[in-house]
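Report on the structure given below.
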Amino acid sequence: MIPVCPKCDTALFILNYESVEVDYCDNCRGVWLDAGELERLAAGPLPDLQCQTGAVPPGKKHLCPRCDVPLHEITAPDQLTLDRCPAGHGLWFDADELQQLLATVAGTPLHAVFNQGETS
Numbered sequence: 002m003i004p005v006c007p008k009c010d011t012a013l014f015i016l017n018y019e020s021v022e023v024d025y026c027d028n029c030r031g032v033w034l035d036a037g038e039l040e041r042l043a044a045g046p047l048p049d050l051q052c053q054t055g056a057v058p059p060g061k062k063h064l065c066p067r068c069d070v071p072l073h074e075i076t077a078p079d080q081l082t083l084d085r086c087p088a089g090h091g092l093w094f095d096a097d098e099l100q101q102l103l104a105t106v107a108g109t110p111l112h113a114v115f116n117q118g119e120t121s
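Residue numbers (this note's numbering): 2 to 121.
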């Protein structure tokens, strides 16, 4: 099965970056990262972002490129809204969201950034 863009419904291209296969949409410039790939790109540990709760946004269903289940919106640092597969297959980044996230956390361990505001 060829993965398709959750936003454009067109085939995703596979790009190799830092030994990580990144699924890229040439149309909208979005990026799909399978589970664990964000941690590899960030070269550091992350909390289990795949388990963060979210909600299906109203309107057009954006489907996971791996399992065709509607993606859930989650909030990342700096009010960045990402889409994640509720089955844990990965994360969708709209154009420039991945760069924004990595720039936001530059020099800060990502697990510390995603745990801000959480209480035990």
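No residue lacks a Cβ here, since even glycine has one placed at the ideal position from N, Cα and C.
Relative to the C-alpha of residue 29, which residue among 98, 90 and 76 is closest?
-> The shortest C-alpha separation from residue 29 is found at 98.
Mind checking which residues open and close the beta strand (DSSP E) that includes residue 92?
-> For residue 92, the enclosing beta strand (DSSP E) covers residues 91 to 94.
If you draw a straight line from the alpha carbon of residue 39 to that of residue 92, how long is it in whole angstroms?
-> Approximately 8 Å, taken between the alpha carbons.
For residue 95, which residues of its own chain have a beta-carbon under 6 Å away from its beta-carbon, when the five flanking residues on both sides are left out?
-> If we look at residue 95 and ignore the five residues flanking it on each side, its Cβ neighbours are 31.
In terms of residues, what are the limits of the beta strand (DSSP E) holding residue 76?
-> Unbroken beta strand (DSSP E) run through residue 76: 73 to 77.
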